[in-house]
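With the numbering used here, you'll find the sequence shown wraps up at 201, consecutive numbering, no jumps.
Cβ coordinates follow ideal geometry from the N, Cα and C atoms, glycine included.
In this text the structure is predicted, and so the values were computed from the model without any measurement.
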Amino acid sequence: GEMASTLAHEINQPLTAITNYLKGSRRLLEKSRDDNAAMLREAVEKAAEQALRAGDVIRRLRDFVARGESERQVERLSALIEDASSLALVGAREADVRVSYDLDPSAELVLTDRIQIEQVLLNLMRNAVEAMQGAPRRELHVVTKARHDAMVEIGVIDTGPGLAPEVSAQLFQPFVTTKKQGMGVGLCICCTIVESHGGH
Numbered sequence: 002g003e004m005a006s007t008l009a010h011e012i013n014q015p016l017t018a019i020t021n022y023l024k025g026s027r028r029l030l031e032k033s034r035d036d037n038a039a040m041l042r043e044a045v046e047k048a049a050e051q052a053l054r055a056g057d058v059i060r061r062l063r064d065f066v067a068r069g070e071s072e073r074q075v076e077r078l079s080a081l082i083e084d085a086s087s088l089a090l091v092g093a094r095e096a097d098v099r100v101s102y103d104l105d106p107s108a109e110l111v112l113t114d115r116i117q118i119e120q121v122l123l124n125l126m127r128n129a130v131e132a133m134q135g136a137p138r139r140e141l142h143v144v145t146k147a148r149h150d151a152m153v154e155i156g157v158i159d160t161g162p163g164l165a166p167e168v169s170a171q172l173f174q175p176f177v178t179t180k181k182q183g184m185g186v187g188l189c190i191c192c193t194i195v196e197s198h199g200g201h
């Protein structure tokens, strides 16, 4: 809990600075007569929205890690997947990644913490795209399926090379990663979130 609070504080400081810089940029663009000013203003506004969203995500995840708190309500699973995809798959088309969805209509409504599950999906999709860099075939498939026990199964499947057995065995432990950059806490938090929702 203490580590989560420290990390949240350290990350929120640059996020606040980013938001302030973007606000300043937007004010400058309002005075600009450049033909592209309107398009740039829109891009700056979207970036500011995402910075604020990131702050909210950090707050919610910090509360979850520290106290196990979550804010659950009935959500449309397809909307959660769409929102996560819009962030996770930026640049995927340029990287020749083909994305497909197979969403079960009977698995549409779920009782969940939207931000937490979006973070799980975002993490899995980003990992999948990164895993396929250099792969001859790059296909990402997202599938949902209603189960008989009132649960929903979500699959994020890619055509990457897979993991070595020694990595796979400790994949959900903190600070385990195959990436040159990153702390290796993403999948550990994802696993905790999924288990808190009764999944595995």
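Check, Outcome
"Presumed contact (8 angstroms Cβ cut-off) between A108 and V153, rounded CB distance", "4 angstroms"
"Helix, strand or coil at K32 according to DSSP, with G and I counted as helix", "coil"
"A89, enclosing alpha helix (DSSP H) - first and last residue", "78 to 89"
"Coil, strand or helix - V45 by DSSP", "helix"
"Under 8 angstroms between C-beta atoms of L23 and A48", "yes"
"Beta bridge counterpart(s) of I155 as assigned by DSSP", "T145"
"Reference N128; option with closest CA among L41, L164, R28, V58", "L164"
"Same chain only: Cβ atoms within 7 angstroms of T160, ignoring 5 sequence neighbours per side", "M133, A136, R138, R139, E140"
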